[in-house]
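Here the structure is laid out as structure tokens; the discussion comes afterwards.
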Amino acid sequence: MSGRGRIVFSTTIMAVEFDGGVVIGADSRTTTGAYIANRVTDKLTFIHDHIFCCRSGSAADTQAIADVVNYQLSFHSIELDEPPLVQTAANLFKELCYRYREDLTAGIIVAGWDKRKGGQVYTVPMGGMIVRQSFSIGGSGSTYIYGYVDSSYKPGMTKEECLEFTANAISLAMERDGSSGGVIRLAAITEAGVERKVILGSELPRFTVS
Amino acid sequence: MDDLLESDWTTEEVSTGTTIIAAVFDGGVVIGSDSRVSAGQAVVNRVLNKVCRLHDKIYCSISGSAADAQAVVDIVDYQMELHGIQMGQPPLVQAAATIVKDICYKYKEELVAHLLVAGWDHKYGGQVYGTLGGMMIKQQFALGGSGSTYIYGFADSAFKPGMTKEECLKFTKCALALAMNRDGSSGGVIYLVTITSKGAEETVITAKDIPSFYED
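Protein sequences, first through last, are from chains A and B. Going by the working numbering, the first sequence opens with residue 1, and the numbers climb by one from there. Going by the working numbering, the second sequence opens with residue 211, and the numbers climb by one from there.
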């Protein structure tokens with residue numbers, strides 16, 4: 001998915017729902033062809049107080065989309081005079097991604113907490129569909145961890161278990177995908193707010209490999 | 211988009227887009243595969259056994275073009291039989307892997323086939339060799355085929371060196387089931403072969419016995 005001169009997030013992104021919020025995570029590598037343009041990228045982007053998105057695909061496209069949605073949502077929230085719903089944010093992403101599907105290269109996972117439905121994860125992959133999932137993975141590195149997340153996910157995990165699950169999954173993907181790497185950025189979003197964490201290269205979960 | 215009168219399967223090459231796996235345990239190896247053969251979008255065989263015998267205690271599993279893979283297996287099967295008779299003792303797994311590797315490397319431009327070779331011999335015990343692209347690499351476990359990309363993470367996290375036979379069977383069974391769930395070109399039933407000093411034991415796992423995992 002990388003092209004000469006085009007800055008791309010060939011990446012691994014992930015989001016998991018738990019009772020009371022969501023955990024989101026991403027690697028930190030941005031590439032231009034074979035050169036790593038940024039090895040400490042933050043792919044977890046603020047959309048609203050309790051809503052974040054994980055970006056994969058073209059860095060420019062996803063930044064532009066996130067900016068537009070950020071603006072639209074803050075306006076909507078002021079009009080409504082209450083915090084916006086995660087489903088609203090996700091649908092705003094979907095509207096843009098579907099309308100401009102021919103021109104965009106963007107795979108986005110929207111996750112957050114609201115009073116109505118609690119923690120929610122919505123995935124808006126390339127093409128512009130939207131679907132809510134208990135957990136979602138995306139980016140080029142995600143293909144390597146489908147088996148791991150399918151086998152390890154259990155409904156009803158706690159926040160700490162979700163953080164461990166996400167960190168393990170992204171670490172496994174980073175080990176196998178040349179386009180993912182760097183550090184793991186994690187965030188937990190609950191009613192109380194957003195708690196961010198960084199796992200450095202030296203602290204990455206390790207697995208015995210042959 | 212496509213000509214309505216012409217189906218995929220009459221024009222597409224037959225491929226074992228597949229998932230294959232082999233893993234070493236304490237005392238032998240387990241080698242396994244799914245059973246789907248596709249020609250484009252059509253499944254032309256849903257019960258093909260992709261784990262092929264090269265010798266009593268040496269098996270290989272195939273992926274890629276079905277025709278290419280079968281051709282290679284035929285040649286190696288013949289040469290292994292000859293080699294075993296000439297040596298007067300069961301051949302080494304390394305010998306089989308080397309013959310496979312030599313063919314795959316010499317004809318690497320023409321062939322589209324990847325074979326995993328695994329078995330047990332009296333000198334080195336259980337061994338697994340990958341021969342992708344014409345190299346030969348000894349590994350503790352090896353994956354291959356289109357479905358393998360989805361289970362690298364699982365295999366990295368779940369594999370432990372020095373497992374028991376039961377643990378290894380569970381590992382390979384789960385890995386294949388997970389890949390079959392996600393890869394459109396893999397499916398059907400699971401074929402497993404367990405090879406130890408006592409010989410090779412073939413098993414088939416169908417439908418209800420295939421492990422299932424969380425479905426959203």
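Using N, Cα and C, we set each Cβ at its ideal position, and we do this for glycine too.
When burial is assigned at 16 or more other CB atoms within 10 Å of the CB, is residue 156/A buried or exposed? Taking a 10 Å sphere around the C-beta of residue 156/A, we find fewer than 16 other C-beta atoms and assign the residue as exposed.
Residue ranges of each beta strand (DSSP E) run of no fewer than 3 residues wholly in the region 91-173 of chain A, ordered along the chain? Assignment of beta strand (DSSP E) within the region 91-173 of chain A, counting only whole runs of 3 or more residues, yields 106-114, 118-124, 135-138 in chain order.
Please list the terminal residues of the continuous beta strand (DSSP E) segment that includes residue 392/B. Careful: residue 392/B lies outside any beta strand (DSSP E), inside the alpha helix (DSSP H) at 375-392.
Output yes if chain B places a C-beta closer than 7 Å to the C-beta of residue 92/A; else output no. So no, residue 92/A is outside the interface.
Extract the residue ranges of the beta strand (DSSP E) inside the region 228-316 of chain B, only unbroken runs of 3 or more that lie entirely within it. Unbroken beta strand (DSSP E) runs of no fewer than 3 residues, entirely contained in the region 228-316 of chain B, are found at 230-235, 238-243, 247-249, 252-255, 261-265, 268-275, following chain order.
Supposed contact pair residue 421/B and residue 384/B - C-beta distance, whole angstroms, cut 8 Å: At roughly 5 Å, the Cβ-Cβ gap stays under 8 Å, so residue 384/B and residue 421/B are in contact.
Taking 8 Å as the cut-off, does the region 273-280 of chain B touch the region 406-426 of chain B (at least 3 CB pairs, one atom from each stretch)? no
Between the CA atoms of residue 392/B and residue 399/B - distance to the nearest angstrom: Residue 399/B and residue 392/B have their C-alpha atoms some 15 Å from each other.
Any beta-carbon of chain B closer than 7 Å to the one on residue 122/A? no
Tell me whether residue 65/A sits in a helix, a strand or coil according to DSSP, three-state version. DSSP places residue 65/A in helix when its eight states are reduced to three.
State the start and end residues of the unbroken alpha helix (DSSP H) segment that holds residue 363/B. 362-368
At a Cβ cut of 8 Å, what residues of the region 365-377 of chain B count as close to chain A, listed as they run along the chain? 365, 366, 367, 368, 369, 370, 371
Cβ contact check for the region 141-156 of chain A and the region 77-96 of chain A: 3 or more pairs under 8 Å: no
Are any of the Cβ atoms in chain B nearer than 7 Å to that of residue 147/A? yes
Cβ of residue 329/B within 7 Å of Cβ of residue 405/B? yes
With distances taken Cα to Cα, identify the nearest neighbour of residue 317/B among 342/B, 376/B, 247/B. 342/B
Ignore the nearest five residues each way along the sequence and tell me which others in residue 241/B's own chain have a CB closer than 6 Å to its CB. 232, 261, 269, 271, 328, 403
Taking the alpha-carbon of residue 375/B as reference, which of 355/B, 228/B, 239/B, 220/B has the nearest alpha-carbon? 239/B
With 7 Å set as the bound, which would you pick, yes or no: does the beta-carbon of residue 163/A sit closer than that to a beta-carbon of chain B? no
Indicate the three-state DSSP secondary structure (helix, strand or coil) for residue 198/A in the structure shown. strand
Does residue 363/B get closer than 7 Å to chain A when you measure Cβ to Cβ? yes
In terms of residue numbering, what span does the beta strand (DSSP E) encompassing residue 331/B cover? 323-331
Looking only at its chain, what residues have a beta carbon closer than 8 Å to the beta carbon of residue 210/A, apart from the 5 residues adjacent to it on each side? With a pLDDT of only 48 at residue 210/A, under 50, the local geometry of the prediction cannot be trusted, and no value is derived from it.
In whole angstroms, give me the CA-to-CA distance for residue 281/A and residue 93/A. Because chain A here runs from 1 to 210, residue 281/A falls outside it and cannot be looked at.
For residue 355/B, write down the residues that DSSP places opposite it in a beta bridge. Per DSSP, none; premise fails for residue 355/B.
My guess is that residue 173/A and residue 363/B are in contact by the Cβ rule of under 8 Å, so how many angstroms apart are they, rounded? About 6 Å; that satisfies the 8 Å criterion.
For residue 195/A and residue 25/A, what's the separation of their Cα atoms in angstroms? 12 Å
For residue 210/A, decide whether its Cβ has a neighbour in chain B, counting only Cβ atoms nearer than 7 Å. With a pLDDT of only 48 at residue 210/A, under the threshold of 50, the placement of this residue in the model should not be trusted; the figure read from the coordinates follows. Yes - at least one Cβ of chain B is within 7 Å of the one on residue 210/A.
Straight-line gap, residue 413/B to residue 325/B (C-alpha atoms, nearest Å): Rounded to whole angstroms, residue 413/B and residue 325/B show a C-alpha spacing of 20 Å.
Cutoff 7 Å: residue 19/A Cβ touching any chain B Cβ: no
Please tell me whether residue 176/A has its Cβ less than 7 Å away from any Cβ of chain B. yes
Members of the region 387-401 of chain B that neighbour chain A once the beta carbon cut-off is set at 8 Å: 388, 389, 391, 392
Would you please verify whether the beta carbon of residue 27/A is less than 7 Å from any beta carbon of chain B? Not one chain B Cβ lies under 7 Å of residue 27/A.
If you reduce the DSSP assignment to three classes, tell me which class residue 59/A lands in. helix
If you pair each beta-carbon of the region 104-124 of chain A with each one of the region 73-81 of chain A, do three or more pairs fall below 8 Å? no
Chain-ordered neighbours of residue 385/B on chain A, where CB pairs are closer than 7 Å: Those are 147, listed as they occur along chain A.
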